[in-house]
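Worksheet for the structure shown next.
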Amino acid sequence: MKQLISSVFDSFSKQIHGLGKVYVPICSIIFSVWLIEKFSRISVYELVADSNEIGRIAPYAGAVSNFGLLLLCCAASICFFSSYLIDANNKHDEKWKLFFKCSGYFVLLLLIDDTFQLHENFSTLLFGADANISVTDHKLQNILEATVFTLYVSLFFFYGFYFRKLIYRTEILVLILALVFFFMSLVVDVLPENMKGHYILEEGFKLLGIASLMTYYVKACYQKAKKLL
1235 MKQLISSVFD
1245 SFSKQIHGLG
1255 KVYVPICSII
1265 FSVWLIEKFS
1275 RISVYELVAD
1285 SNEIGRIAPY
1295 AGAVSNFGLL
1305 LLCCAASICF
1315 FSSYLIDANN
1325 KHDEKWKLFF
1335 KCSGYFVLLL
1345 LIDDTFQLHE
1355 NFSTLLFGAD
1365 ANISVTDHKL
1375 QNILEATVFT
1385 LYVSLFFFYG
1395 FYFRKLIYRT
1405 EILVLILALV
1415 FFFMSLVVDV
1425 LPENMKGHYI
1435 LEEGFKLLGI
1445 ASLMTYYVKA
1455 CYQKAKKLL
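Quick look at the structure:
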């Protein structure tokens, strides 16, 4: 019995650092929710409950968009796992490790933006919920959205330029397809919403872009993992 307890304690001691990386951020989020509820007019229910439940809408609402979020989550996880895999097996392959880590953070940024619709609610973040910029000044709202997208495009071009030699060694056609689909989705987005098939085209191209992006990173990870394992 003593040996079992000692073994469990030793195992826990070895894992405490890794567990801290998981539980400290999560506990910080929970504590932040409590602070927000305490010092603002936002209730805990609004922050922790499912959006469909809060809005009292059907569970299938936003199904395609939610599926895209799952694919983005998969892509980010694959990138971070690949970075960890390289670090564990080849300490000298720092450029590939950095490539997958930066890719993971970039996809994570897209995931957070798409989950909370930051690009559409940027005015709220700047001026507060009561400003209602999207209603009183639609032109300003469009400028703010364009600014956010310009930032993302700039980040991607910098990312692509910095890692261009590595990207050329991957299946770049899939990445190009992802960019084409995203561009087509943006084109449809600026067209009138009363256009026939507007929503299915916009979300359809976006989902194809996300699926292509995930496929690209799966293939890149597999290509690199074959050389390590």
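In terms of the numbering used here, the sequence shown is numbered consecutively and its last residue is 1463.
Heads up, the beta-carbon is just placed ideally off N, CA and C, and yes, glycines get one too.
Buried or exposed, going by whether 16 or more other CB atoms sit within 10 Å of the CB of residue 1330?
Around the C-beta of residue 1330, 16 or more other C-beta atoms lie within 10 Å, and the residue is accordingly described as buried.
Residue 1338 and residue 1440 look like a contact to me (Cβ under 8 Å); what is the Cβ gap, rounded to whole Å?
The Cβ separation is near 20 Å, so there is no contact.
Examine the Cβ distances between the region 1407-1420 and the region 1428-1445 and report whether three or more of them are shorter than 8 Å.
The region 1407-1420 vs the region 1428-1445: in contact.
For residue 1454, count neighbouring Cβ atoms within 10 angstroms of its own Cβ and tell me buried if that reaches 16, exposed if not.
Label assigned to residue 1454: buried.
Per-residue DSSP class, three states only, for residue 1286
DSSP, reduced to helix, strand and coil, places residue 1286 within a helical segment of the structure shown.
Please classify residue 1377 as buried or exposed, where buried requires at least 16 other C-beta atoms within 10 Å of its C-beta.
With fewer than 16 other Cβ atoms within 10 Å, it is exposed.
Pick from 1400, 1403 and 1348: whose alpha carbon is nearest that of residue 1382?
Taking only the C-alpha atoms, the option nearest residue 1382 is 1348.
Express the C-alpha separation of residue 1263 and residue 1389 in angstroms, rounding to a whole number.
Taking the CA atoms as reference points, residue 1389 sits about 27 Å from residue 1263.
Between the CA atoms of residue 1421 and residue 1461 - distance to the nearest angstrom
Rounded to whole angstroms, residue 1461 to residue 1421 spans 40 Å at the Cα level.
I need the DSSP call for residue 1299, collapsed to helix, strand or coil.
In the structure shown, residue 1299 sits in a helix (DSSP, three-state: H, G or I).
Could you spell out where the alpha helix (DSSP H) holding residue 1410 opens and where it closes?
First-last of the alpha helix (DSSP H) with residue 1410: 1406-1424.
Same chain, Cβ closer than 8 Å to residue 1344, neighbours up to 5 away in sequence not counted:
Closer than 8 Å at the Cβ level, and outside the excluded window around residue 1344, lie 1306 and 1386.
Taking only three categories from DSSP, how would you classify residue 1403?
Of the three classes helix, strand and coil, the one that applies to residue 1403 here is coil, per DSSP.
For residue 1447, count neighbouring Cβ atoms within 10 angstroms of its own Cβ and tell me buried if that reaches 16, exposed if not.
With 16 or more Cβ atoms within 10 Å of its Cβ, residue 1447 is classed as buried.
Give me the Cα-Cα distance between residue 1267 and residue 1287, rounded to the nearest whole angstrom.
Each residue's alpha carbon lies about 18 Å from the other.
Return the CA-CA distance between residue 1281 and residue 1251, expressed in angstroms with no decimal places.
So the alpha carbons of these two residues sit roughly 29 Å apart.
Residue 1467 (DSSP reduced to helix, strand or coil):
Residue 1467 lies beyond the stretch modelled for the chain, which goes from 1235 to 1463, so this question has no answer here.
Report buried or exposed for residue 1409, applying the criterion of at least 16 other Cβ atoms within 10 angstroms of its Cβ.
With at least 16 other beta carbons inside 10 angstroms of its own, residue 1409 counts as buried.
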